[in-house]
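Quick look at the structure:
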């Protein structure tokens with residue numbers, strides 16, 4: 001369990017949040033939890049804290065209120081767990097007290113059997129178009145094989161950061177930034193054929 005699990009609930013500690021650093025955060029356990037059908041919490045009554053959990057596709061049609069229509073707020077049940085994330089936002093946003101949210105890239109761990117999946121070796125060879133390999137030596141001769149999927153960037157509140165854990169090595173951060181530029185179409189080909197980073201207008 002993170003030692004300072006409430007530390008980043010205080011804005012006075014946001015100056016510690018830095019791009020390229022790895023934090024443990026209270027994250028969605030599995031992105032598949034956001035795939036329908038979903039698990040909804042149905043209250044026993046208005047503003048009740050008791051109720052039942054039901055699985056359904058969900059009704060997202062607007063509800064008529066008087067002469068207008070409005071979206072109905074619903075409560076969904078998802079699993080969360082401590083997960084390491086790489087801070088992607090720039091440090092102006094990371095440290096600023098007026099910006100509550102930052103962009104992060106969740107880290108995932110390879111499991112037994114993953115080496116048989118298509119693309120596994122490409123990830124380890126830094127030749128995959130969407131995945132970045134993040135190995136970590138947990139003891140001499142033993143490597144924890146981790147990766148980031150750049151399609152799963154997510155915005156989180158700084159308050160769910162739990163603890164700072166490590167700093168991303170320069171070569172891993174460079175590869176991550178390259179894949180972000182490619183997959184977000186933030187670069188164009190210059191006159192000399194070199195890739196030029198462009199800003200959206």
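Numbering (the numbering used here), first residue to last: 1 to 201.
Just so you know, even glycine gets a beta-carbon here, dropped at the ideal spot from N, CA and C.
Remember, it's a predicted structure, so these values are computed and weren't measured experimentally.
Notebook entry, point to check: For the alpha helix (DSSP H) that contains residue 120, what are its first and last residues?
Noted result: Start and end: 120 to 124.
Next item on the list: Could you tell me whether the segment 16 to 33 touches the segment 96 to 111, where touching means 3 or more Cβ pairs closer than 8 Å?
Entry: yes
Note to self: Looking at the strands, I want to know which residues DSSP matches up with residue 109.
What the structure shows: Paired residue(s): 146.
Item checked: Among 74, 174, 89, nearest to residue 58 - alpha-carbon criterion -> 74
Checklist line | Reference residue 168; option with closest CA among 141, 51, 124, 21 | finding: 21
Note to self: Among 43, 159, 123, whose alpha-carbon lies nearest the alpha-carbon of residue 149?
What the structure shows: 123
Notebook entry, point to check: Whole beta strand (DSSP E) runs in the segment 55 to 104 with 3 or more residues, listed along the chain?
Noted result: Listed in chain order, the beta strand (DSSP E) elements of length 3 or more contained wholly in the segment 55 to 104 are 63 to 65, 68 to 70, 80 to 87.
Notebook entry, point to check: For residue 138, which three-state DSSP category applies?
Noted result: strand
Next item on the list: In angstroms with no decimal places, state the Cα-to-Cα distance between residue 133 and residue 67.
Entry: Each residue's CA atom was taken as its position, placing residue 133 and residue 67 some 54 Å apart.
Margin query: What residue range does the alpha helix (DSSP H) around residue 174 cover?
Written below: Looking at the DSSP string, the run of the alpha helix (DSSP H) that includes residue 174 is 170 to 183.
Next item on the list: Please classify residue 164: is it buried, with 16 or more other beta-carbons within 10 angstroms of its beta-carbon, or exposed?
Entry: buried
Note to self: Give me, in chain order, the residues of the same chain whose beta-carbon lies closer than 8 Å to that of residue 130; leave out the 5 immediate sequence neighbours on both sides.
What the structure shows: Closer than 8 Å at Cβ, skipping near neighbours: 149, 150, 151, 179, 183.
Next item on the list: Pick out whichever of 99, 142, 170 has its Cα sitting closest to the Cα of residue 15.
Entry: 99
Item checked: First and last residue of the uninterrupted beta strand (DSSP E) at residue 30 -> Unbroken run through residue 30: none, as it is neither H nor E.
Next item on the list: Identify every residue that forms a DSSP beta bridge with residue 154.
Entry: 104
Item checked: Pick from 29, 11, 114 that is closest to residue 145, judged by C-alpha positions -> The residue among 29, 11, 114 with its C-alpha nearest the C-alpha of residue 145 is 114.
Item checked: Length of the line joining the Cα atoms of residue 90 and residue 136 -> In this structure, the alpha-carbon of residue 90 lies about 24 Å from that of residue 136.
Next item on the list: With residue 165 as the anchor, note down where its beta strand (DSSP E) starts and where it stops.
Entry: Residue 165 -> beta strand (DSSP E) spans 161 to 167.
Note to self: Cutting at 8 Å between CB atoms, please list the residues of its own chain near residue 201, excluding the five before and the five after it.
What the structure shows: At residue 201 the pLDDT is 40, less than 50, meaning the model places this residue with poor confidence and gives no usable figure here.
Note to self: Just to confirm, is the Cβ distance from residue 7 to residue 13 under 7 Å?
What the structure shows: For the 7 Å CB-CB criterion, residue 7 and residue 13 form a contact.
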